[in-house]
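Trainee: In this note's numbering, the protein residues as written are 115 to 532.
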């Protein structure tokens, strides 16, 4: 048996076993693990079994799929098909057209496909130009090129006619499949303050607050006034007294400026760092570190890119609990291959839109260390995705100003020049 046939046989056996495990799963953990292995095995089997030329042809035409998804979404065809059940599942083209005119549009899909899809198309030509291929600036991206704008993506979204659309889009996205219950919120000090930095309308805090102590206070910070205005409606619909009673505070704040809330129990950063290049991330993290006390925690919620190779050498020496998940069984790719397709795609999406990107655990650790944070633990947000909660504590256990005072006092005590 040739090497390729032997590998196909191994992968087929893994696929068969994982399908049986998926069918027999009695809880979400087992189901998620089996599903990820099924995805990984299917992807590996496809690359092994298909002739390379045919596989490349299929990949080259796969750009059609998100465009079709966007069209189906915008025309409300899913609703059309649902409504057509009453007429025996049949509707004429004219009937579909009439029905689709008033169909609701899930805005996140529309936003992702239109802006993200167009930016991806632009990447082909943008990276032939030095202005784009050598730039790390937020306003010099394939998105900027195709929309002929020098306005950064977030400002562009705030332009007239887009405010409520984008706020609603991120509300839909942020509410989906995010389970923050893996983090021990009840272990925080009594009456803790959680600062949601760059938190939009605060949909994450709507999930977190029911998991935390009754006296927990959430301060939701965002630079965008349109988003903060929408946040008032968001909270009025979910907890009509939260803002009035001060359990939720909406605060305009630029995270590139000093953090005004000192000594919070948690500084919460969700989907912020992947927008920015390393230097900007360090700047954000330093401002938060300067506001900490000895009990403060930094929680970074991001997709954590896993390694495709099995041997990561000494990287594991710097890992904390949960930092490096167990690799997939051989001969599957260590990171699951097809099972991590979303994180790879989103990495490209962030590059095309904002010159940002997803990061590995090690990259997050290094960024945090340069701002005075050290890792404590990595938590899941579900049983299958790469989205993690990375917990950090202050490297010094003191805020920067207090540490400077202690250091000067120590020098004075031992009679050394500062």
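Built from N, CA and C at the ideal position, the CB exists for glycine as well.
Note that the coordinates shown come from a computational prediction; the quantities given were computed from them, not determined experimentally.
Ignore the nearest five residues each way along the sequence and tell me which others in residue 256's own chain have a CB closer than 6 Å to its CB.
Mentor: On the chain shown, residue 256 is found 142 positions in, with the first residue counted as 1. 233, 236, 237, 240 and 466, listed in sequence order.
Trainee: Mark residue 216 as exposed unless 16 or more other C-beta atoms lie within 10 angstroms of its C-beta, in which case mark it buried.
Mentor: Counting from 1 along the chain shown, the entry for residue 216 is found at position 102. Any reading at residue 216 is ruled out, since the residue's pLDDT is 48, under 50, leaving its predicted position unreliable.
Trainee: Please list the terminal residues of the continuous alpha helix (DSSP H) segment that includes residue 332.
Mentor: Numbered from its first residue, the chain shown carries residue 332 at position 218. It is not in any alpha helix (DSSP H) - residue 332 instead sits in the beta strand (DSSP E) that spans 331–336.
Trainee: Excluding the five sequence neighbours on either side, which residues of its own chain have a C-beta within less than 6 Å of the C-beta of residue 445, listed in chain order?
Mentor: Residue 445 sits at position 331 when you count from the first residue of the chain shown. So the list reads 121 and 124, once near-sequence residues are dropped.
Trainee: Are the beta-carbon atoms of residue 144 and residue 135 separated by less than 8 Å?
Mentor: Stepping through the chain shown from its first residue, residue 144 is reached at position 30. Stepping through the chain shown from its first residue, residue 135 is reached at position 21. Yes, these two residues count as a Cβ contact at 8 Å.
Trainee: Which residue comes first and which comes last in the alpha helix (DSSP H) that contains residue 147?
Mentor: By 1-based counting over the chain shown, the position of residue 147 is 33. From DSSP, the alpha helix (DSSP H) with residue 147 extends over 142–163.
Trainee: If you follow the beta strand (DSSP E) that residue 416 is part of, which residue opens it and which one closes it?
Mentor: To locate residue 416, count along the chain shown from 1; it is residue 302. First-last of the beta strand (DSSP E) with residue 416: 411–419.
Trainee: By how many angstroms is the C-alpha of residue 129 removed from the C-alpha of residue 430?
Mentor: Taking the first residue of the chain shown as 1, we reach residue 430 at position 316. Taking the first residue of the chain shown as 1, we reach residue 129 at position 15. Taking the straight line joining both Cα atoms gives about 29 Å.
Trainee: In the DSSP assignment, what are the bridge partners of residue 468?
Mentor: Within the chain shown, the letter at position 354 stands for residue 468. Residue 468 pairs with nothing; no bridge assigned.
Trainee: For residue 338, verify whether its CB is less than 7 Å away from any heavy atom of the ligand COA.
Mentor: Among the ligands in the structure shown, none appear at all, so the ligand COA cannot be discussed.
Trainee: With 16 other CB atoms within 10 Å as the buried threshold, where does residue 533 fall?
Mentor: A question about residue 533 goes unanswered here, because the residues of the chain that appear run from 115 up to 532.
Trainee: Straight-line CA distance for residue 246 to residue 271?
Mentor: Here the question's residue 246 lines up with position 132 in the chain shown. Here the question's residue 271 lines up with position 157 in the chain shown. Looking at the two C-alpha atoms, the distance is approximately 21 Å.
Trainee: Considering only the alpha carbon of each residue, which of 182, 273, 304 and 127 lies closest to residue 326?
Mentor: Start at 1 with the first residue of the chain shown, and residue 326 comes out as number 212. If we check each option's Cα against that of residue 326, 304 comes out closest.
Trainee: Please classify residue 420: is it buried, with 16 or more other beta-carbons within 10 angstroms of its beta-carbon, or exposed?
Mentor: Here residue 420 refers to the residue found at position 306 of the chain shown. So residue 420 counts as buried.
Trainee: Should the segment 431–443 be regarded as contacting the segment 395–411, the criterion being three or more beta carbon pairs within less than 8 Å?
Mentor: They do not touch, by the three-pair rule.
Trainee: Under 8 Å by Cβ, that's how I've got residue 353 and residue 334 pegged, so tell me the actual separation to the nearest angstrom.
Mentor: Counting from one through the chain shown, the residue named residue 353 turns up at place 239. Counting from one through the chain shown, the residue named residue 334 turns up at place 220. With 8 Å as the limit, residue 353 and residue 334 do not qualify as a contact, their Cβ atoms being about 13 Å apart.
Trainee: In chain order, what residues of the same chain lie with their CB nearer than 8 Å to the CB of residue 181, ignoring the 5 residues before and after it?
Mentor: As a working mapping, residue 181 is identified with position 67 in the chain shown. 227 and 231.
Trainee: Starting from residue 359, trace the alpha helix (DSSP H) in both directions and tell me its first and last residue.
Mentor: Reading the chain shown from its first residue, position 245 is the one you call residue 359. Segment: none, residue 359 is in no alpha helix (DSSP H) and carries neither H nor E.
Trainee: With a threshold of 16 other CB atoms inside 10 Å of the CB of residue 175, please say whether the residue is buried or exposed.
Mentor: Here the question's residue 175 lines up with position 61 in the chain shown. Under this definition residue 175 is an exposed residue.
Trainee: Using C-beta distances below 7 Å, list every residue in its chain close to residue 258, excluding the 5 sequence neighbours before and after it, in chain order.
Mentor: As a working note, residue 258 is residue 144 in the chain shown. The answer, listed in chain order, is 264.
Trainee: Determine the DSSP secondary structure at residue 342, reduced to helix, strand or coil.
Mentor: To locate residue 342, count along the chain shown from 1; it is residue 228. The answer is helix: DSSP assigns residue 342 an H, G or I state.
Trainee: Just the C-alpha distance for residue 296 and residue 493, rounded to the nearest angstrom, thanks.
Mentor: What you label residue 296 is simply residue 182 of the chain shown in a count that begins at 1. What you label residue 493 is simply residue 379 of the chain shown in a count that begins at 1. Roughly 6 Å separates the two Cα atoms.
Trainee: Mapping the DSSP letters down to three states, classify residue 166 as helix, strand or coil.
Mentor: For this step, residue 166 is matched to residue 52 along the chain shown. Three-state DSSP puts residue 166 in a helix.
Trainee: If you follow the alpha helix (DSSP H) that residue 392 is part of, which residue opens it and which one closes it?
Mentor: Here residue 392 refers to the residue found at position 278 when the chain shown is read from its first residue. 392–403 is the span of the alpha helix (DSSP H), which, as asked, contains residue 392.
Trainee: Between residue 395 and residue 481, which are expected to be in contact by the criterion C-beta below 8 Å, what is the C-beta distance as a whole number of angstroms?
Mentor: Residue 395 sits at position 281 when you count from the first residue of the chain shown. Residue 481 sits at position 367 when you count from the first residue of the chain shown. At roughly 5 Å, the Cβ-Cβ gap stays under 8 Å, so residue 395 and residue 481 are in contact.
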